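Below you'll find the structure, written out as structure tokens, and then a few comments.
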Amino acid sequence: MRDVSARTLDLIRSGGFSRVWVADLMYDGQRRLANLDISDVDLSWDGNQFVAGSGSCTVVWADDHATSMIPKQVGDWFSPFGSELQIDCLVGAGEFTERIAMGRFVIDSVPTSVESQMPWTGRVIHPGESFELNLKDGLQRVIRDRFAVPTQSASTSVWGEIQAITGLPLVRNVADATIATPVAHDEQKDAAVSKLFDRLGAWPALNASGVLTARPKAWPEPVDDLTGYVSAPRTLTAEKTYNRVVVKGKSPTGEPVYGVASVTDGFLRVGNADGSASPFGVATYTYSSDLLTTTKQCYDYAAELLPRVSRVRGVTREVTERFNPLREVGDVLRFEGSRVRVLKVSHSDEATRLTVEVADE
Numbered sequence: 090m091r092d093v094s095a096r097t098l099d100l101i102r103s104g105g106f107s108r109v110w111v112a113d114l115m116y117d118g119q120r121r122l123a124n125l126d127i128s129d130v131d132l133s134w135d136g137n138q139f140v141a142g143s144g145s146c147t148v149v150w151a152d153d154h155a156t157s158m159i160p161k162q163v164g165d166w167f168s169p170f171g172s173e174l175q176i177d178c179l180v181g182a183g184e185f186t187e188r189i190a191m192g193r194f195v196i197d198s199v200p201t202s203v204e205s206q207m208p209w210t211g212r213v214i215h216p217g218e219s220f221e222l223n224l225k226d227g228l229q230r231v232i233r234d235r236f237a238v239p240t241q242s243a244s245t246s247v248w249g250e251i252q253a254i255t256g257l258p259l260v261r262n263v264a265d266a267t268i269a270t271p272v273a274h275d276e277q278k279d280a281a282v283s284k285l286f287d288r289l290g291a292w293p294a295l296n297a298s299g300v301l302t303a304r305p306k307a308w309p310e311p312v313d314d315l316t317g318y319v320s321a322p323r324t325l326t327a328e329k330t331y332n333r334v335v336v337k338g339k340s341p342t343g344e345p346v347y348g349v350a351s352v353t354d355g356f357l358r359v360g361n362a363d364g365s366a367s368p369f370g371v372a373t374y375t376y377s378s379d380l381l382t383t384t385k386q387c388y389d390y391a392a393e394l395l396p397r398v399s400r401v402r403g404v405t406r407e408v409t410e411r412f413n414p415l416r417e418v419g420d421v422l423r424f425e426g427s428r429v430r431v432l433k434v435s436h437s438d439e440a441t442r443l444t445v446e447v448a449d450e
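Taking the numbering used here, the leading residue of the sequence shown gets 90, the next gets one more, and so forth.
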């Protein structure tokens, strides 16, 4: 959950606050324009995706010199070639206002623009214009890159290797792990980064300033109560519930090594005591990483993964609540007597929509 003052937290919980979207244009770490007027803001995060954050907004532009800012070529300030938007939300009541950082986004495309022109003292001026921007979070730069040639790991630290591959600023918010044997990366960089975060028991995540952090896979303690919602229908599916884990690694000599773990009792058992198939059957979760170099490591990691993927994770709720800019993917909330964790979140002008996973308790 985004960190705000106690007064802002009270305002958001009461629902009695005003909100205004603003943005700063960033390039190469420098702020080019501040407090841009933006509208039609639609931001969303999906914890199931490597590039979790995406969105769109419309920039409304008019200045004292009647210049045009609609991007038309590489190098223009809003062109999708390195420019970023820092999008924030101003929340307030009366004379009180607090600026809440929502996210740092790469400008991915400029799908539409509306340009106004008129002659003035022998030249063409632009009295006002607007243009739409499609946005992705900073991991978009990682997902579109790959290793040019097979590249050996540069660090024995998992966090150090993540830094070397992504080049992003990061905060080491979970304990580090050791890369015991050098590995060769010969894949898309996002795949390598995901496997490194797996060794930390986490997923990659960007904070609201675009800094890379870890989102732990273990459920943290609840941070808030989910109240004041408009609707919360329930769904149930077995799509992401598994009862067998197969882990594949690679030995220092290049030979494959394996580890297997299975659920042996209960509704999710892989088979009956007499050897016949269980009513649920077998649903296998496979995982492969060159960072695992021994059979014991593979079996240990399979045993670690099994409780996580064999939870009855199919119960989710689609929650619509009053606009709440504090919600983030990974938040654990108290909801109707249970704990839920936010899998997806989207913010628009009027509402916040959540997909939450219900704890298997």
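From the three backbone atoms N, C-alpha and C, an ideal C-beta is built for every residue, glycine too. Model, not experiment: these values are computed from the prediction.
Query: L381 burial status per 10 Å Cβ neighbour count (16 or more: buried); Result: buried
Query: Runs of beta strand (DSSP E) lying entirely within the stretch 265-313, each at least 3 residues, in chain order; Result: 291-295, 301-305
Query: Where Q162 falls, given that 16 or more other Cβ within 10 Å makes a residue buried; Result: exposed
Query: Residue burial classification, T316 (beta-carbon count within 10 angstroms, cutoff 16); Result: exposed
Query: Beta-bridge pairing of D135 - partner residues as DSSP gives them; Result: K433
Query: DSSP-derived helix/strand/coil call for A123; Result: strand
Query: Whole-number beta carbon distance between E173 and V195, since they are thought to touch under 8 Å; Result: 6 Å
Query: Proximity of L125 and D117 at Cβ, strictly below 8 Å; Result: no
Query: Opening and closing residue of the beta strand (DSSP E) in which G355 lies; Result: Element bounds for G355: n/a, residue is neither H nor E.
Query: Inter-residue spacing [alpha-carbon to alpha-carbon] between A190 and M90; Result: 12 Å
Query: Inter-residue Cα distance where the pair is P305 and A151; Result: 44 Å
Query: contact_flag[the stretch 257-268, the stretch 173-182] where n(CB pairs < 8 Å) is 3 or more; Result: no
Query: V231 - DSSP class collapsed to helix/strand/coil; Result: helix
Query: Under 8 Å between C-beta atoms of V418 and V434; Result: yes
Query: Nearest-angstrom Cα separation, counted from D313 out to D420; Result: 8 Å
Query: Contacts around D234, its chain only, beta-carbon distance under 7 Å, and the 5 residues preceding and following it disregarded; Result: K278
Query: Burial state of F106, where buried means 16 or more other Cβ atoms lie within 10 Å; Result: buried
Query: Contact check, L285 vs I251, beta carbons under 8 Å; Result: yes
Query: Proximity winner among S198, D226, D99, relative to W166 (alpha-carbon distances); Result: S198
Query: Sub-8 Å separation of R442 and R323 beta-carbons; Result: no
Query: The alpha helix (DSSP H) enclosing I159, as first and last residue numbers; Result: Looking at the DSSP string, I159 is not in any alpha helix (DSSP H), and its letter there is neither H nor E.
Query: CB of S377 within 8 Å of CB of K337, strictly; Result: yes
Query: CB of V335 within 8 Å of CB of R288, strictly; Result: no
Query: Integer Cβ distance of S320 from R333, believed to fall under 8 Å; Result: The pair is not a contact, with the Cβ atoms about 36 Å apart (cut-off 8 Å).
Query: Contact between the stretch 134-144 and the stretch 264-275 (3+ Cβ pairs under 8 Å); Result: no
Query: Beta carbon of R108 nearer than 8 Å to that of V180; Result: yes
Query: A112 - DSSP class collapsed to helix/strand/coil; Result: strand
Query: Collapsed DSSP secondary structure at W150 in the structure displayed; Result: strand
Query: Residues near N361 in its chain [Cβ-Cβ closer than 6 Å; skip 5 each side]; Result: S367
Query: Whether P341 touches T270 by CB criterion (8 Å); Result: yes
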